[in-house]
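K.L.:
Before I ask anything, let me first share the structure, which is written out below as structure tokens.
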Amino acid sequence: MQHSTLSARRPPLQDSGYGEWVKRISSSHNPEVRARAKLKERRGREREGRFLIEGAREVLRALEAGVSLEALYFCPDFLGDSGHRVVRRAETEGIPLTELAKAPFNVLSYRENPDGVVAVAKRQEKKLSNLSLPDDALVMVVEGLEKPGNLGALLRTADSAGAHALFTTGRGTDLENPNVIRSSMGSVFSLPVLAVDDAVLRTWLRQEGFALVATTPHTDTLYWDVSYRGRTAILLGAEHNGLSPEWLLGTPVQIPMQGLADSLNVATTGALLLYEALRQRRE
8 MQHSTLSARR
18 PPLQDSGYGE
28 WVKRISSSHN
38 PEVRARAKLK
48 ERRGREREGR
58 FLIEGAREVL
68 RALEAGVSLE
78 ALYFCPDFLG
88 DSGHRVVRRA
98 ETEGIPLTEL
108 AKAPFNVLSY
118 RENPDGVVAV
128 AKRQEKKLSN
138 LSLPDDALVM
148 VVEGLEKPGN
158 LGALLRTADS
168 AGAHALFTTG
178 RGTDLENPNV
188 IRSSMGSVFS
198 LPVLAVDDAV
208 LRTWLRQEGF
218 ALVATTPHTD
228 TLYWDVSYRG
238 RTAILLGAEH
248 NGLSPEWLLG
258 TPVQIPMQGL
268 ADSLNVATTG
278 ALLLYEALRQ
288 RRE
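If you want it as structure tokens, here you go:
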């Protein structure tokens, strides 16, 4: 007796309600694909004022946050249910769709196991003057952070802990780096994130009435012994050097270390302080 075999892969979108108007590209040498691939590098992002968002979850977060998407590329061979939902939502919002074969999609993708969705977004210029924060706002300032993955993890934690904004200073942090977007799981779009000049940000924090809590090993004050209940800015330094003297402001706090390690990952440090703030604010 013969049994029919059903493919586990979903059918391509032209068989799932999409018409011939969807543009299709089969060659990895296509000029459009090659041009978009330049957005994988910081120089290309800065020159074009655009960046790539890969992943169904990340693209959905961007759509929900109102990020302007210029195009959506998808590969039916990689798409799962979540990817199909994102493509259909993009279609309803009038975002141009392009179906890619595996080879050109892999030119755009930076993941080992892609889920078949890559969007092109326009860079958003955010200004301090446009921020609207509550009276008890909790924000985080990160100085000179070098590793995109750590920044993404901090964004994800800050979003989860209820922070209202995150600011980066020094060395021109690349907020559209693919590892920032991926590590944040899309929180880079739902949480206000601004790269600000050091002096400008210090002046703004003072004018806005923020109490500053600065992390440093050179103090006896433990991080749970200070108040985070009012307008508070948590200050974190880079992985190796910590905060510069210009940012050792307000109340210095330390995290007690019991073992041989003399420091924590910056994302872990930020998580401890953020959730202490959340604990205090819930009491």
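Residue numbers for the sequence shown follow our numbering, beginning at 8 and rising by one. Heads up, the beta-carbon is just placed ideally off N, CA and C, and yes, glycines get one too.
Which of the three DSSP states is assigned to L279 in this structure?
P.N.:
DSSP places L279 in helix when its eight states are reduced to three.
K.L.:
List the residues that DSSP assigns as beta-bridge partners of I60.
P.N.:
In the DSSP output, where bridge partners are listed per residue, I60 has A126.
K.L.:
By Cβ distance, which residues of its chain are closer than 6 Å to V114, with the 5 residues on each side in sequence left out?
P.N.:
Excluding positions up to five away in sequence, the list reads S35, V40 and A44.
K.L.:
Quick one, which of D142, S167 and N120 has its alpha-carbon nearest C82's?
P.N.:
Here the closest residue by C-alpha is N120.
K.L.:
Between the C-alpha atoms of R57 and R49, what's the straight-line distance to the nearest angstrom?
P.N.:
If you take the alpha carbons of R57 and R49, they lie about 10 Å apart.
K.L.:
Judging by CA-CA distance, which residue of Q265, L67 and L182 is the nearest neighbour of P224?
P.N.:
Nearest of Q265, L67 and L182 to P224, Cα basis: Q265.
K.L.:
Check whether the Cβ atoms of R68 and G193 lie closer than 8 Å to each other.
P.N.:
Going by C-beta atoms, R68 is nearer than 8 Å to G193.
K.L.:
Candidates R213, A172 and L212: which alpha carbon is nearest S197's?
P.N.:
It is A172.
K.L.:
Hey, V148 and L242: beta-carbon distance below 8 Å or not?
P.N.:
The answer is yes: Cβ separation under 8 Å.
K.L.:
Could you check the C-alpha separation between E283 and V29 for me, to the nearest Å?
P.N.:
The alpha-carbon atoms of E283 and V29 are separated by roughly 50 Å.
K.L.:
On the CB-based measure, 16 or more other CB atoms within 10 Å of its CB, does N137 come out buried or exposed?
P.N.:
It is exposed - the Cβ of N137 has fewer than 16 other Cβ atoms within 10 Å.
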